[in-house]
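In the working numbering, the protein residues as written are 127 to 198. Below is one structure, written out as structure tokens; comments come after it.
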């Protein structure tokens, strides 16, 4: 995923537009990140997830989720 497509993707996933607060947090995270695209997207996702309600998080972003590697 590229940072330029992140907002459109999240709006499709949530089935709603991002609120002004969510949009501002995502754009601030993008501006603050000086490293590559992958780290920028991670920072944007973390900023958005901090503002979302628990039922809006994707299963991969839920706290306490164990990956297969962690289970082994």
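Here a beta-carbon is modelled for each residue, glycine too, at the ideal position from N, C-alpha and C. Because the structure is a prediction, the values reported are computed rather than measured.
Unbroken alpha helix (DSSP H) run spanning residue 182, endpoints: Secondary structure note for residue 182: it is in no alpha helix (DSSP H), with a DSSP letter that is neither H nor E.
Local conformation of residue 198 per DSSP, three classes: Here residue 198 scores only 46 on pLDDT, less than 50, and its place in the model is too uncertain to base an answer on.
C-alpha gap between residue 180 and residue 174, whole angstroms: Put simply, the backbone Cα of residue 180 is about 12 Å away from that of residue 174.
Thinking C-alpha only, which one of 135, 146, 160, 163 is nearest residue 177? Nearest option by C-alpha distance: 146.
Label residue 166 either buried or exposed according to how many other C-beta atoms from any shown protein chain fall within 10 Å of its C-beta, with 16 as the threshold for buried. Around the beta carbon of residue 166, 16 or more other beta carbons sit within 10 angstroms, so the residue counts as buried.
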